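A quick write-up on the structure given underneath.
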Amino acid sequence: MAWNNRQMPTTMVMMATICALVGVSYAFTKGDVSPHTRPNILHGMKRPILDQIATTLFKLEQDRVESSSVVDEKGRVGEPMEWSEKKSLANTFSEIMAGGIGYQFKQFVADIVAGEYDEAATKAEIEEFVLGSTVAMYSFTTCPFCRRAKDYFEETGIEYSVIELDELEGNKGNAIRATLGRSTKRTSVPSIFIKGKCIGGCNDGPGLLPLAESGELAELLKA
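When you line the sequence shown up against mature numbering (1 follows the signal peptide of the UniProt record, and there is no 0), it's residues -27 to -1, 1 to 196, in that order.
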(Lines of atoms letter the chains of each structure in order from A and count residues from 1; the text may use other names and numbers.)
(Lines give C-alpha, C1' and ligand atoms only; values in the text may rest on other atoms or scores of the structure.)
Protein backbone atom coordinates (compact mmCIF):
# COMPACT_ATOMS: atom_id res chain seq x y z
CA MET A 1 0.00 0.00 0.00
CA ALA A 2 0.97 3.58 -0.43
CA TRP A 3 0.07 6.78 1.41
CA ASN A 4 0.49 10.52 1.10
CA ASN A 5 0.60 13.04 3.94
CA ARG A 6 -3.17 13.07 4.20
CA GLN A 7 -3.52 9.29 4.31
CA MET A 8 -0.72 8.56 6.80
CA PRO A 9 -2.60 9.75 9.91
CA THR A 10 -5.55 7.57 8.88
CA THR A 11 -3.20 4.64 8.50
CA MET A 12 -1.74 5.19 11.95
CA VAL A 13 -5.24 5.29 13.43
CA MET A 14 -6.04 2.06 11.61
CA MET A 15 -2.95 0.36 13.03
CA ALA A 16 -3.67 1.59 16.56
CA THR A 17 -7.29 0.45 16.32
CA ILE A 18 -6.33 -3.03 15.21
CA CYS A 19 -3.67 -3.30 17.93
CA ALA A 20 -6.30 -2.47 20.52
CA LEU A 21 -8.74 -5.00 19.08
CA VAL A 22 -6.40 -7.95 18.92
CA GLY A 23 -4.45 -7.18 22.09
CA VAL A 24 -1.53 -9.31 20.96
CA SER A 25 0.16 -7.35 18.20
CA TYR A 26 2.94 -6.10 20.49
CA ALA A 27 4.04 -9.63 21.34
CA PHE A 28 3.80 -10.60 17.67
CA THR A 29 5.91 -7.72 16.40
CA LYS A 30 8.53 -8.35 19.10
CA GLY A 31 8.83 -11.92 17.86
CA ASP A 32 7.30 -13.43 21.02
CA VAL A 33 4.54 -14.98 18.93
CA SER A 34 5.91 -17.47 16.43
CA PRO A 35 4.21 -18.50 13.17
CA HIS A 36 3.40 -21.80 14.89
CA THR A 37 1.69 -20.01 17.77
CA ARG A 38 -0.25 -17.58 15.56
CA PRO A 39 -2.95 -20.10 14.50
CA ASN A 40 -3.65 -20.89 18.17
CA ILE A 41 -4.12 -17.19 18.91
CA LEU A 42 -6.49 -16.77 15.99
CA HIS A 43 -8.49 -19.88 16.84
CA GLY A 44 -8.64 -18.73 20.45
CA MET A 45 -10.25 -15.45 19.47
CA LYS A 46 -14.01 -15.44 19.24
CA ARG A 47 -15.47 -15.29 15.73
CA PRO A 48 -17.30 -11.96 16.31
CA ILE A 49 -13.99 -10.30 17.25
CA LEU A 50 -12.30 -11.54 14.08
CA ASP A 51 -15.30 -10.42 12.03
CA GLN A 52 -15.13 -7.00 13.65
CA ILE A 53 -11.44 -6.68 12.85
CA ALA A 54 -11.91 -7.80 9.25
CA THR A 55 -14.88 -5.47 8.75
CA THR A 56 -12.92 -2.54 10.18
CA LEU A 57 -9.96 -3.28 7.91
CA PHE A 58 -12.06 -3.55 4.77
CA LYS A 59 -13.94 -0.33 5.51
CA LEU A 60 -10.82 1.68 6.33
CA GLU A 61 -9.00 0.41 3.26
CA GLN A 62 -11.95 1.05 0.95
CA ASP A 63 -12.41 4.55 2.36
CA ARG A 64 -8.70 5.26 1.95
CA VAL A 65 -8.60 4.13 -1.68
CA GLU A 66 -11.86 5.83 -2.63
CA SER A 67 -10.88 9.14 -1.03
CA SER A 68 -7.56 9.22 -2.89
CA SER A 69 -8.59 7.74 -6.24
CA VAL A 70 -7.93 9.65 -9.45
CA VAL A 71 -7.99 8.80 -13.16
CA ASP A 72 -4.49 8.50 -14.60
CA GLU A 73 -3.40 9.43 -18.13
CA LYS A 74 -4.32 5.95 -19.36
CA GLY A 75 -7.83 6.15 -17.94
CA ARG A 76 -7.16 3.83 -15.01
CA VAL A 77 -8.77 4.60 -11.68
CA GLY A 78 -6.69 4.31 -8.53
CA GLU A 79 -4.28 6.01 -6.20
CA PRO A 80 -2.08 8.73 -7.79
CA MET A 81 0.80 7.44 -9.92
CA GLU A 82 3.22 9.92 -8.32
CA TRP A 83 2.95 7.91 -5.11
CA SER A 84 4.94 5.14 -6.82
CA GLU A 85 7.91 7.38 -7.59
CA LYS A 86 11.08 6.29 -5.80
CA LYS A 87 11.56 9.54 -3.86
CA SER A 88 7.92 10.03 -2.86
CA LEU A 89 6.91 10.06 0.79
CA ALA A 90 4.43 7.29 0.07
CA ASN A 91 7.15 5.05 -1.35
CA THR A 92 9.49 5.77 1.56
CA PHE A 93 6.78 4.90 4.06
CA SER A 94 5.89 1.72 2.15
CA GLU A 95 9.53 0.62 2.20
CA ILE A 96 9.73 1.23 5.94
CA MET A 97 6.59 -0.85 6.48
CA ALA A 98 7.86 -3.65 4.23
CA GLY A 99 10.33 -5.13 6.70
CA GLY A 100 10.81 -5.97 10.36
CA ILE A 101 7.99 -4.93 12.65
CA GLY A 102 6.10 -3.43 9.72
CA TYR A 103 6.04 -6.75 7.88
CA GLN A 104 5.16 -8.73 10.99
CA PHE A 105 2.25 -6.46 11.76
CA LYS A 106 0.97 -6.52 8.17
CA GLN A 107 1.29 -10.31 8.02
CA PHE A 108 -0.69 -10.66 11.23
CA VAL A 109 -3.41 -8.45 9.77
CA ALA A 110 -3.32 -10.32 6.43
CA ASP A 111 -3.87 -13.63 8.25
CA ILE A 112 -6.86 -12.24 10.12
CA VAL A 113 -8.44 -10.80 6.98
CA ALA A 114 -7.83 -14.03 5.05
CA GLY A 115 -9.72 -16.03 7.67
CA GLU A 116 -9.90 -19.81 7.34
CA TYR A 117 -8.97 -21.27 3.95
CA ASP A 118 -7.23 -24.24 2.34
CA GLU A 119 -3.61 -23.14 2.64
CA ALA A 120 -2.19 -26.19 0.84
CA ALA A 121 -4.45 -25.63 -2.16
CA THR A 122 -3.61 -21.92 -2.20
CA LYS A 123 0.13 -22.66 -2.12
CA ALA A 124 -0.28 -25.10 -5.01
CA GLU A 125 -2.23 -22.52 -7.00
CA ILE A 126 0.45 -19.88 -6.41
CA GLU A 127 3.22 -22.27 -7.44
CA GLU A 128 1.39 -23.20 -10.63
CA PHE A 129 0.92 -19.54 -11.53
CA VAL A 130 4.45 -18.29 -10.81
CA LEU A 131 6.05 -21.23 -12.61
CA GLY A 132 3.68 -21.00 -15.56
CA SER A 133 5.16 -17.79 -16.98
CA THR A 134 8.64 -16.31 -17.22
CA VAL A 135 7.29 -13.17 -15.54
CA ALA A 136 4.30 -13.45 -13.20
CA MET A 137 2.79 -10.74 -11.03
CA TYR A 138 0.14 -10.44 -8.34
CA SER A 139 -1.45 -7.01 -8.41
CA PHE A 140 -4.25 -4.69 -7.26
CA THR A 141 -5.94 -2.69 -10.02
CA THR A 142 -5.92 0.51 -7.94
CA CYS A 143 -2.29 0.28 -6.79
CA PRO A 144 0.04 2.83 -8.45
CA PHE A 145 3.09 0.62 -7.84
CA CYS A 146 1.36 -2.21 -9.72
CA ARG A 147 0.39 0.07 -12.60
CA ARG A 148 3.94 1.42 -12.84
CA ALA A 149 5.30 -2.14 -13.03
CA LYS A 150 2.81 -3.02 -15.77
CA ASP A 151 3.73 0.15 -17.66
CA TYR A 152 7.39 -0.84 -17.53
CA PHE A 153 6.70 -4.33 -18.87
CA GLU A 154 4.52 -3.00 -21.66
CA GLU A 155 6.91 -0.20 -22.63
CA THR A 156 9.87 -2.58 -22.80
CA GLY A 157 7.96 -5.37 -24.53
CA ILE A 158 8.40 -7.88 -21.70
CA GLU A 159 5.55 -10.39 -21.66
CA TYR A 160 4.02 -11.06 -18.27
CA SER A 161 1.06 -12.74 -16.64
CA VAL A 162 -0.93 -10.99 -13.94
CA ILE A 163 -3.58 -11.87 -11.38
CA GLU A 164 -5.53 -8.95 -9.94
CA LEU A 165 -6.16 -9.93 -6.32
CA ASP A 166 -8.92 -7.35 -5.89
CA GLU A 167 -10.90 -8.86 -8.77
CA LEU A 168 -10.98 -12.46 -7.51
CA GLU A 169 -14.22 -13.88 -6.18
CA GLY A 170 -15.00 -14.00 -2.49
CA ASN A 171 -12.03 -13.85 -0.14
CA LYS A 172 -9.62 -15.63 -2.48
CA GLY A 173 -7.42 -12.58 -3.03
CA ASN A 174 -6.87 -12.14 0.69
CA ALA A 175 -6.00 -15.82 1.09
CA ILE A 176 -3.40 -15.57 -1.68
CA ARG A 177 -1.97 -12.38 -0.20
CA ALA A 178 -1.59 -13.94 3.25
CA THR A 179 0.08 -17.04 1.81
CA LEU A 180 2.39 -14.96 -0.38
CA GLY A 181 3.35 -12.91 2.65
CA ARG A 182 4.60 -15.94 4.55
CA SER A 183 6.59 -17.28 1.60
CA THR A 184 8.11 -13.99 0.38
CA LYS A 185 8.17 -12.04 3.70
CA ARG A 186 6.23 -9.16 2.14
CA THR A 187 2.47 -8.63 1.91
CA SER A 188 2.60 -5.61 -0.39
CA VAL A 189 1.77 -5.65 -4.09
CA PRO A 190 2.94 -5.92 -6.72
CA SER A 191 4.50 -9.26 -5.94
CA ILE A 192 6.63 -10.05 -8.99
CA PHE A 193 8.22 -13.38 -9.91
CA ILE A 194 10.79 -14.14 -12.59
CA LYS A 195 11.12 -17.81 -13.45
CA GLY A 196 9.50 -18.71 -10.15
CA LYS A 197 11.71 -16.48 -8.00
CA CYS A 198 10.25 -13.46 -6.21
CA ILE A 199 12.06 -10.20 -6.99
CA GLY A 200 9.85 -8.11 -4.69
CA GLY A 201 7.71 -5.24 -5.86
CA CYS A 202 8.13 -2.23 -8.11
CA ASN A 203 10.79 -0.35 -6.12
CA ASP A 204 11.79 -2.69 -3.30
CA GLY A 205 12.71 -6.23 -2.41
CA PRO A 206 15.07 -5.63 -4.49
CA GLY A 207 12.38 -4.54 -6.93
CA LEU A 208 11.65 -4.45 -10.65
CA LEU A 209 12.89 -0.95 -11.43
CA PRO A 210 16.12 -1.14 -9.38
CA LEU A 211 16.95 -4.46 -11.09
CA ALA A 212 16.20 -2.96 -14.49
CA GLU A 213 18.39 0.05 -13.75
CA SER A 214 21.33 -2.09 -12.63
CA GLY A 215 21.07 -4.45 -15.60
CA GLU A 216 20.30 -7.44 -13.39
CA LEU A 217 16.77 -7.79 -14.75
CA ALA A 218 18.06 -8.51 -18.24
CA GLU A 219 20.40 -11.14 -16.83
CA LEU A 220 17.59 -12.80 -14.89
CA LEU A 221 15.44 -12.96 -18.01
CA LYS A 222 18.29 -14.50 -20.01
CA ALA A 223 19.30 -17.09 -17.43
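Just so you know, even glycine gets a beta-carbon here, dropped at the ideal spot from N, CA and C.
Quick caveat: nothing in here was measured; it's all calculated off a predicted structure.
CB contact flag (residue i, residue j, <8 Å)
| i | j | result |
| --- | --- | --- |
| L190 | T107 | no |
| K145 | Y76 | no |
| A109 | F118 | no |
| C175 | R121 | yes |
DSSP three-state assignment for residue i, whether helix, strand or coil
| i | result |
| --- | --- |
| S134 | strand |
| A196 | coil |
| V(-6) | Any reading at V(-6) is ruled out, since the residue's pLDDT is 45, under 50, leaving its predicted position unreliable. |
| K158 | coil |
| K145 | helix |
| S112 | strand |
| K96 | helix |
| G73 | helix |
| K59 | coil |
| residue 213 | No information on residue 213 is available, as it lies outside the stretch -27 to 196 that the chain covers here. |
| E189 | helix |
| P179 | coil |
| L33 | helix |
Beta-carbon separation (whole angstroms), residue i vs residue j, contact threshold 8 Å
| i | j | result |
| --- | --- | --- |
| G173 | I165 | 7 Å |
| S67 | S161 | 6 Å |
| G169 | L104 | 5 Å |
Proximal residues to residue i (C-beta, below 6 Å), its chain only, five neighbours per side dropped
| i | result |
| --- | --- |
| I136 | Y111 |
| T29 | none |
| F126 | Y133 |
| P183 | none |
| E186 | none |
Beta-carbon contacts of residue i that lie in its chain and below 7 Å, excluding the five residues immediately before and after
| i | result |
| --- | --- |
| A151 | A83, D84 and A87 |
| S61 | E55 |
| D124 | none |
Other residues of its chain near residue i: CB distance less than 8 Å, five sequence neighbours each side excluded
| i | result |
| --- | --- |
| S42 | V50, G51, E52 and T115 |
| K79 | M70, G154, T160 and S161 |
| E98 | I149 |
| D139 | F113, T114, T115 and G146 |
| A196 | K168 |
Identity of the residues DSSP links to residue i by a beta bridge
| i | result |
| --- | --- |
| F166 | A109 and C171 |
| V44 | V50 |
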